[in-house]
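Number of protein chains: 2
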Amino acid sequence: MSKGITSKEEDYSQWYNDIVLKADLAEHSSVRGCMVIKPYGYSIWEKMQAVLDQKFKDTGHSNAYFPLFIPKSYFSKEASHVDGFATECAVVTHYRLKNDGNGNIIVDEDAKLEEELIVRPTSETIIWNTYRGWIESYRDLPILVNQWANVVRWEMRTRLFLRTAEFLWQEGHTAHATSQEAIEETERMLDVYADFAENWMGLPVVKGKKTPTERFAGALDTYCIEALMQDGKALQAGTSHFLGQNFAKAFDVKFTSKEGKLEHVWATSWGVSTRLIGALIMAHSDDSGLVLPPKLAPIQVVIVPVYKDAEDLQNTRNYVDTLIVELKKMGVSVKFDDRESQRPGFKFAEYELKGVPIRLAIGARDMQNGTVELARRDTKEKFTVPQEGLANYIENLLEEIQNNIYKKASDYRAAHITEANSYEEFKQLLDGKAGFISAHWDGTAETEKRIKDETKATIRCIPLDNKLEDGFCILTGKPSIQRVLFARAY
Amino acid sequence: MSKGITSKEEDYSQWYNDIVLKADLAEHSSVRGCMVIKPYGYSIWEKMQAVLDQKFKDTGHSNAYFPLFIPKSYFSKEASHVDGFATECAVVTHYRLKNDGNGNIIVDEDAKLEEELIVRPTSETIIWNTYRGWIESYRDLPILVNQWANVVRWEMRTRLFLRTAEFLWQEGHTAHATSQEAIEETERMLDVYADFAENWMGLPVVKGKKTPTERFAGALDTYCIEALMQDGKALQAGTSHFLGQNFAKAFDVKFTSKEGKLEHVWATSWGVSTRLIGALIMAHSDDSGLVLPPKLAPIQVVIVPVYKDAEDLQNTRNYVDTLIVELKKMGVSVKFDDRESQRPGFKFAEYELKGVPIRLAIGARDMQNGTVELARRDTKEKFTVPQEGLANYIENLLEEIQNNIYKKASDYRAAHITEANSYEEFKQLLDGKAGFISAHWDGTAETEKRIKDETKATIRCIPLDNKLEDGFCILTGKPSIQRVLFARAY
Chain A
-4 MSKGITSKEE DYSQWYNDIV LKADLAEHSS VRGCMVIKPY GYSIWEKMQA VLDQKFKDTG
56 HSNAYFPLFI PKSYFSKEAS HVDGFATECA VVTHYRLKND GNGNIIVDED AKLEEELIVR
116 PTSETIIWNT YRGWIESYRD LPILVNQWAN VVRWEMRTRL FLRTAEFLWQ EGHTAHATSQ
176 EAIEETERML DVYADFAENW MGLPVVKGKK TPTERFAGAL DTYCIEALMQ DGKALQAGTS
236 HFLGQNFAKA FDVKFTSKEG KLEHVWATSW GVSTRLIGAL IMAHSDDSGL VLPPKLAPIQ
296 VVIVPVYKDA EDLQNTRNYV DTLIVELKKM GVSVKFDDRE SQRPGFKFAE YELKGVPIRL
356 AIGARDMQNG TVELARRDTK EKFTVPQEGL ANYIENLLEE IQNNIYKKAS DYRAAHITEA
416 NSYEEFKQLL DGKAGFISAH WDGTAETEKR IKDETKATIR CIPLDNKLED GFCILTGKPS
476 IQRVLFARAY
Chain B
-4 MSKGITSKEE DYSQWYNDIV LKADLAEHSS VRGCMVIKPY GYSIWEKMQA VLDQKFKDTG
56 HSNAYFPLFI PKSYFSKEAS HVDGFATECA VVTHYRLKND GNGNIIVDED AKLEEELIVR
116 PTSETIIWNT YRGWIESYRD LPILVNQWAN VVRWEMRTRL FLRTAEFLWQ EGHTAHATSQ
176 EAIEETERML DVYADFAENW MGLPVVKGKK TPTERFAGAL DTYCIEALMQ DGKALQAGTS
236 HFLGQNFAKA FDVKFTSKEG KLEHVWATSW GVSTRLIGAL IMAHSDDSGL VLPPKLAPIQ
296 VVIVPVYKDA EDLQNTRNYV DTLIVELKKM GVSVKFDDRE SQRPGFKFAE YELKGVPIRL
356 AIGARDMQNG TVELARRDTK EKFTVPQEGL ANYIENLLEE IQNNIYKKAS DYRAAHITEA
416 NSYEEFKQLL DGKAGFISAH WDGTAETEKR IKDETKATIR CIPLDNKLED GFCILTGKPS
476 IQRVLFARAY
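Chains as they are written, first to last, in the working numbering: chain A, -4 to 485; chain B, -4 to 485.
Okay, structure coming up:
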C-alpha cells in the first residue's frame, strides 16, 4: 500500500475510489453525479479515443456532430426508447435568467420553451430525424457516421467513471439498405470493440448477445462485450445494436431501392464510453495503485535521477539524452522527472500509483557501471540492465508487459467462468465471487427477473460462440437448449 | 457558378449559406439554433483540432474535462460574468419525464431540481470552483489546462458556424502565481491563435485588445485576433483573456506564495470555436464554392479517372498506384474517385464545390503521353504535367497554394485598412465596404456606443503594435492619443 490506498481485499469499492482519486484520474464535481476528469485521467481517454477513432475510420466511418438537445416529442416516437430513457433525463425548460430586483438571479418565467428539450442520453432520435433529409435512394446508403460527445443520464447512484450523470462516449449511427448489411455492421463494430479491449486494454472479453430484457431500448438485438473485474463482478464494456427498421419507421426514413421500391432504412448504433477507464482500472490494478497496459499509458517510461548535487543531476541528464531521443523516435512516451522539489522515493511511489509501466532510476554508481535500475510496474520486479541497447530492450519489454497484463487478466477470467447445475450451486458460486457462471435458463423474462431479484445476478450475455447443449433451467427446471453467462455486474 | 450557388456580389449572405449547405459542411437541425455538423465539415474541424491541440501541448497544456452543467448560484458569484451570460442560457429545471396516463410524455413535476442547472456557456465558474481543491501552494502552480467541449448560448439570430446556440470549442483555463505570468500566458495563447490563423488557415489577423465595453464578462483585459471577410466585415477569430484575480476571489482560490503569504491566484482563459470554419469559408471561397488552404483540407488531392470502359478504368488504377503510395508517404491525403455511378464532369464540379486544392484528371491520352491534367482550385488554372516526379511537384504545389491563399487574403486585407479622419468619411467608408477603418476615438464608452448605434460599426480592437499619434475623435472632436480599428462585424 502506498499513499493510503485501501487494500483490494479489505474493501474493493474503496480501493477503486482511492485509485481514481489518488492517481489523479478524476474527482466528483459539485454538480450532482457529474465528474471532473483530471488531466492524467483524460490523457488515458485521449489514448483510447485515438485508437478507436482510427479503427472507426479504417472501417469506413466518418465523424459528425449532432445537437446536444432533443425535443421531448422525439422521444415518444419510438415507444420502447422513451420507456428506457424518460425516467433519467435532464430537461431544459427555460432559456433565460434574470435579476429579480433584489439582487438574486432567478429563472425568467417569460422565457419558457414551448417544447421542453432533453439533454441527449443517446442520439438515435435526433440523428434519425436528420437522416430523413440525407437519404433518398440506395445510392445514399450506407451512411457510416460516428459522434464523439457528452451524454447525460440522470443516475441516482453514481460512481466515478462507472456510472455518472454526464459521461463522454462515442456513438456510431449507421444506415443501410438491407437487414443483412446492418447486422454485418453490428457484428463488425462488436469485433472492433473486442479487438480494442483485448489488444489495447489487455482486457479479455466475452462477445455475446443480450437477452430481450437487457436490450437497448429500441433495438432488435443488442450485442455486447463483457469483461470480468478482479472482484468477480462483470462489466459491460461496449454494446453494438441492430435497430432493425424501428427508428426509420419512427422518423419516416425511406429510400428507393435498386429495384425502385420505397423501403424503410435499416439501422445500427454502437458505443463505448469513459466507463472503459473504470474497467481498465479495475481489471489490472493492485494495492500499490494503477497498473496500465503500455499501449494506453500516457507515460510509458519514466526516468528518475538519484543524485546528490547539481553536477550529479547534470551528469544524469547527459547520461539519458540519447536514450530519450531513441525512445521518442520509436514512439515511446518518456518522461525525465528532474523536479528538484521532490525526492526520488516520493517520485517512485507517485509513478507506481499512476501505473507507469517502466521506471528507470539512475544514480552515480549506475553511471560508473554503464547501467540503469529498471522497475516493472506490472510484476514489481527490479533489474539492473546495461545502458547499451537500452532503447531496444525497453521497446521489447513494453510489449512483454502488454502481453503479461493481458495474460494475467486472461488467466483470472479463465479461472472465473464456472458451470452451475443447480440454483443452490449457482448462489454459492455467486457469493464466492466466482465470476461468470454458466448455467441453463428456460429463456423467459420471468425467470430472468426472479433470479435477478433473488441474487442480484443478471444474464450478462448469450455468448456468440455458445454451443448448444440440452439441459434444465437452474431455477424452474424447464428444458433449456444452451447455457448463458450470469454474473453480478457493474 | 455551380450547383446553383448564389454569387458573392449578388448576395454575400446567401452565397455563404449556399456554400455551407451545398459543400455538405453543416445544416440547421430541427432544434432551434442548433446545427448539425456534417462529416465533411466535421473533418475540417478535426484538422483544426489536431493542429491546435498539438500547439497547446507544445506550450505545456493538458486536456481535462469539467461538467456540462453549472449550478445557477455559481454565475452570480462573479458580478459582471452573470450580466454577460444570464440572458442567453439554457436552464435545466427537472430530471425526469413521465407518462401522463393518456399516452403523453410530460415533465414530472415531482422531479424538480432544488437549484437550477445552467448548460455551460463558458466554464470559468465551474472550473475555478474546482481549482479551489487543486491549489494550496505555489508548487501547485501554474495549472495549464484546456478543455474541448460543447457550449450553449441561447442566441436569437443564428447563422451556421458563425453564431449558433450550441457550438464546439476549446477553452483554456490557467492559474498562475503572479499577474505577470498570467499576462504572459494570455499573450502567448494569442500568439498561438494568430500563428494558427495565418499559417494554417491562410488568414491574416490583427492582434489587439478589446475596449472595456467589448471585454469578456469577468476579464480585466481581452486580447483578440480580428480577421477580415470578403464583404469587408470583420470577424473575431479568437480571444484570450487576462482575468486577474476576479474568479479566484469569487471562488476563494488562494495559494501560499514562496514567501509564505496567502494570495489569490491569477487567471487566464482563451478559446476558439467552430466559428473558425465560418471564417475559413468567408475568407477564401469564390462563386464556384469552397476554397480550402491545403493544410486544413480533408482531401488535398483528388484523382478523377476519365474512361470509356472497364479496361480504361483499370489502366488508370495502375497508372496512379505508385503516385498514391508516394503521396501518402509524404503525408498528403489523396482520394481516387473511381465511383462508376457519377460522370467525371459531375465529380469535377463536386470537388470544386468542396474546395479540394488539387484535382487530377486522367484519360487515355494522358496515359499514352505520360501526363496528367492538373487543376488548381485556388486559381482555377489547368496544366498538363508529366507523370514523372509528380508527387514532388504536388508537394511543392500544395505549399504554393497555401502561400497563395494567404497572400490573396493578405493583399485584400492590406487594401481594406483605411484611415478615416472625419465622421463623414468614416460613414462613407463603412458603406463602401472598406473593411477596417482606423480612426481616432476619445476613449469613452459613450462615444463607442453612439458610433455603434449610428453606424453598426464597433471597435474591433486596439492593435497591439499601435503607434501613438495625437489626433481628435471622429465623433466628438475630443483629443485622442491613438487610432483604433473600427468595422462592422460578424
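All residues carry an ideal CB built from backbone N, CA and C; glycine is no exception. Just so it is clear, the structure is predicted and the values come from calculations on it, not from any experiment.
By the 16-neighbour rule on beta-carbons within 10 angstroms, N391 (chain B) is exposed. Three or more beta-carbon pairs drawn from the region 219 to 234 of chain B and the region 192 to 209 of chain B are found closer than 8 Å, and the two stretches are therefore classed as touching. Residues of the same chain with a CB within less than 7 Å of the CB of A59 (chain A), apart from the 5 flanking positions on each side, are V140 and Q142 in chain order. According to the DSSP assignment, N387 (chain B) belongs to the alpha helix (DSSP H) that extends over L385 to A409. One alpha carbon belongs to F211 (chain A), the other to H76 (chain A), and they sit about 8 Å apart. Taken through DSSP and simplified to helix, strand or coil, P289 (chain B) comes out as helix. Taking a C-beta cut-off of 9 Å against chain A, the contacting residues of the region 66 to 90 of chain B are P66, K67, S68, Y69, F70, S71, V77, D78, F80, A81, T82, E83, C84, A85, V86, V87, T88, H89 and Y90, listed in chain order. For the set A:E376, A:S280, A:T125 and A:G266, the Cα lying nearest the Cα of I0 (chain A) is the one of A:S280.
Close CB contacts of S57 (chain B) within its chain, under the 8 Å cut and outside five residues either way in sequence, are with L139, V140 and N141 (chain order). At a cut-off of 8 Å between beta-carbon atoms, A172 (chain B) makes no contact with chain A.
In the DSSP assignment, P66 (chain A) forms a beta bridge with A:L112. Only those residues of the region 19 to 39 of chain A whose C-beta falls short of 7 Å from the nearest C-beta of chain B are listed: S24, S25, V26, C29, V31, I32, K33, P34, Y37 and S38. Taking a C-beta cut-off of 8 Å against chain B, the contacting residues of the region 145 to 156 of chain A are N145, V147 and W149, listed in chain order.
For T413 (chain A), the enclosing beta strand (DSSP E) starts and ends at I412 to E414. B:Y35 is the residue among B:A409, B:Y35 and B:D190 whose C-alpha sits nearest the C-alpha of I14 (chain B).
For R27 (chain B), the secondary structure class from DSSP, reduced to helix, strand or coil, is coil.
Its Cα nearest to that of G79 (chain B), the residue B:W149 stands out among B:W149, B:L275, B:W10 and B:W40. Using a Cβ-Cβ cut-off of 9 Å, V102 (chain A) is close to K67, V86, T88 and E111 of chain B, given in chain order. Counting the other CB atoms within 10 Å of its CB gives D426 (chain B) a total below 16, which places it among the exposed residues.
For A262 (chain A), the closest alpha carbon among the candidates A:K428, A:T169, A:D448 and A:D6 is that of A:T169. Annotation for I138 (chain A): the continuous beta strand (DSSP E) segment containing it runs I138 to V147. For P458 (chain A), there are no C-beta contacts with chain B under 8 Å, since the nearest C-beta of that chain is about 35 Å from it.
As the crow flies, the alpha-carbon of T117 (chain B) is around 30 Å from that of N461 (chain B). Take the alpha-carbon of L108 (chain A) and the one of Y11 (chain B): they are about 30 Å apart. For Q382 (chain B), no alpha helix (DSSP H) run applies, since DSSP gives it neither H nor E.
If you draw a straight line from the Cα of T366 (chain B) to the Cα of D307 (chain B), it comes to about 15 Å.
If you draw a straight line from the Cα of L155 (chain A) to the Cα of G273 (chain A), it is about 8 Å long.
Excluding five sequence positions before and after H435 (chain B), the CB atoms of its chain that fall closer than 7 Å to its own CB belong to G466, F467, C468, I469, S475 and R478, given in chain order. Taking the Cα positions, F246 (chain B) is about 7 Å away from R127 (chain B). For a Cβ distance threshold of 9 Å, residue set A81 and T82 of chain A lies close to K93 (chain B), ordered along the chain. With respect to F431 (chain B), A484 (chain B) sits apart: the two C-beta atoms are not nearer than 8 Å. Pairing G284 (chain B) with G350 (chain B) gives a Cβ-Cβ distance under 8 Å. DSSP, reduced to helix, strand and coil, places K253 (chain A) outside both helices and strands of the structure shown, so it counts as coil. In the DSSP assignment, L223 (chain A) is bridged to A:A229. Membership of R154 (chain A) in any beta strand (DSSP E) is not indicated, and neither H nor E is assigned to it by DSSP. Residues of the region 289 to 307 of chain B with a Cβ closer than 7 Å to any Cβ of chain A: none.
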